[in-house]
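Data block below; observations after.
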Amino acid sequence: MVPKHVAIIMDGNGRWAKARLLGKAAGHRAGAQALRKLATEAEKIGVKFLTVYAFSTENWKRPQDEIDSLMNLLRDYIQQYIDDSKKNEMRISTIGDLSKLEPDLREKIRDLESMTLAKKGMRVIIALNYGGRDDIVRAARKAALAVASGKLGSNGLTEESFGQFLDTSDVPDPDLLIRTSGEMRMSNFLLWQTAYSEMYFTKKLWPDFNISDLNDAIEQYRSRDRRFGARKD
Ligand code: FPP
Numbered sequence: 000m001v002p003k004h005v006a007i008i009m010d011g012n013g014r015w016a017k018a019r020l021l022g023k024a025a026g027h028r029a030g031a032q033a034l035r036k037l038a039t040e041a042e043k044i045g046v047k048f049l050t051v052y053a054f055s056t057e058n059w060k061r062p063q064d065e066i067d068s069l070m071n072l073l074r075d076y077i078q079q080y081i082d083d084s085k086k087n088e089m090r091i092s093t094i095g096d097l098s099k100l101e102p103d104l105r106e107k108i109r110d111l112e113s114m115t116l117a118k119k120g121m122r123v124i125i126a127l128n129y130g131g132r133d134d135i136v137r138a139a140r141k142a143a144l145a146v147a148s149g150k151l152g153s154n155g156l157t158e159e160s161f162g163q164f165l166d167t168s169d170v171p172d173p174d175l176l177i178r179t180s181g182e183m184r185m186s187n188f189l190l191w192q193t194a195y196s197e198m199y200f201t202k203k204l205w206p207d208f209n210i211s212d213l214n215d216a217i218e219q220y221r222s223r224d225r226r227f228g229a230r231k232d
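For the sequence shown, numbering that gives the first Met the number 0 assigns the number 0 to the initial residue and increments by one for each residue that follows.
This is the structure:
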């Protein structure tokens with residue numbers, strides 16, 4: 000079975016660029032191209048949700064010129080997706096705290112989200128200024144408000160109802176989490192949502208990751224025995 004929801008930590012753009020004596024911006028550009036291609040191919044093989052970590056709450060600590068190049072890349076990429084949306088059925092949405100992004104970028108993202116809202120194809124979820132802890136804290140704040148205003152009894156706060164306050168409230172949990180470039184950590188990605196996701200790590204650098212690598216990851220996913228903490232027999 001093809002996993003319904005694949006989440007990806009797209010790591011290794013910097014090393015990819017360095018190996019070619021290029022700047023970081025070129026690595027991120029190659030990474031964005033790899034994503035655009037992979038999304039089309041993932042949709043063809045039956046993936047329904049694809050969540051990608053494009054910018055974390057910690058990425059603001061990078062040099063300003065790298066942040067600027069990532070934001071500009073995002074501007075171009077969003078525009079490309081707006082153009083693509085006339086010919087394809089992908090729905091694009093975002094998770095993360097967009098309030099820190101430049102207003103023009105935020106507006107472009109909101110346009111793209113609303114333009115593709117009714118699309119029936121694969122849903123691409125771009126994590127922007129996203130942090131798993133930040134997601135949980137923002138959700139906890141909303142839950143506290145709901146309890147304080149009497150909309151929710153404190154006993155009504157369950158894993159299910161809490162999940163409704165997270166950025167991913169209308170998305171099933173990832174079945175498969177992929178991280179490229181040989182690093183083996185979560186780096187504050189979907190901490191709550193990946194409680195039972197299968198993990199796949201590969202040494203490939205993100206700009207080199209292609210559909211054949213995704214198929215390898217899926218093959219390994221298929222061979223895993225997902226018990227969700229229960230016993231099979
Ligand atoms: C990690 O590589 C990657 C990022 C911090 C950004 C990921 C962004 C993209 C793939 C492109 C932008 C995405 C969109 C949706 C336009 P790194 O720079 O940490 O790599 P390194 O560890 O080799 O330096």
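C-beta atoms are modelled at their ideal positions from N, C-alpha and C, and glycine is treated no differently. Computed from a predicted structure; not experimentally measured.
Quick check on the DSSP output: the beta strand (DSSP E) that includes residue i runs from which residue to which?
i    : result
R178 : L175 to R178
Quick one: Cα of residue i to Cα of residue j, how far?
i    : j    : result
G219 : G152 : Note that residue 219 is Gln in the sequence shown, not Gly. Answer to the nearest angstrom: the Cα atoms are 43 Å apart.
N187 : G130 : 5 Å
R178 : A216 : 10 Å
P173 : G149 : 32 Å
I8   : S55  : 10 Å
Q192 : G228 : 15 Å
K36  : N87  : 13 Å
R140 : R19  : 45 Å
T167 : Y52  : 13 Å
N71  : A24  : 10 Å
I84  : T115 : Correcting the residue type first, residue 84 is Ser in the shown sequence and not Ile. Their backbone Cα atoms lie some 7 Å apart in a straight line.
L97  : I135 : 15 Å
D103 : R61  : 22 Å
I66  : N58  : 8 Å
R109 : D232 : 48 Å
L100 : A143 : 26 Å
Q79  : N154 : 46 Å
L34  : W15  : 15 Å
E235 : G22  : Coverage of the chain is limited to positions 0 through 232, which leaves residue 235 absent and any answer about it impossible.
Consult DSSP for residue i and reduce its assignment to one of helix, strand or coil.
i    : result
R14  : helix
L127 : strand
A53  : strand
M198 : strand
T157 : coil
S211 : helix
V5   : strand
S92  : strand
R122 : strand
Measuring only from the beta carbon, is residue i closer than 6 Å to any heavy atom that is part of the ligand FPP?
i    : result
N12  : yes
G152 : no
G30  : yes
L72  : yes
I125 : yes
K129 : A small correction: the amino acid at residue 129 is Tyr; Lys does not occupy that position in the sequence shown. Outside the cutoff, so no.
Y80  : no
H4   : no
A18  : no
A24  : no
A53  : yes
M121 : no
M243 : The chain is shown only over 0 to 232; residue 243 falls outside these bounds and no answer can be derived.
M183 : no
M0   : no
M114 : no
Y76  : yes
What residue range is occupied by the uninterrupted alpha helix (DSSP H) comprising residue i?
i    : result
M70  : Q63 to D83
E40  : K23 to I44
D110 : P102 to M114
Is residue i a contact residue of the ligand GTP, with contact defined as CB to any heavy atom under 6 Å?
i    : result
Y199 : For the structure depicted, the ligand GTP is absent and the ligand set comprises only the ligand FPP.
Any contact of the segment 175-186 with the segment 110-129, i.e. 3+ C-beta pairs under 8 Å?
No, the segment 175-186 is not in contact with the segment 110-129.
### Query
Taking one C-beta from the segment 47-61 and one from the segment 110-124 each time, how about it: are there three or more such pairs within less than 8 Å?
yes
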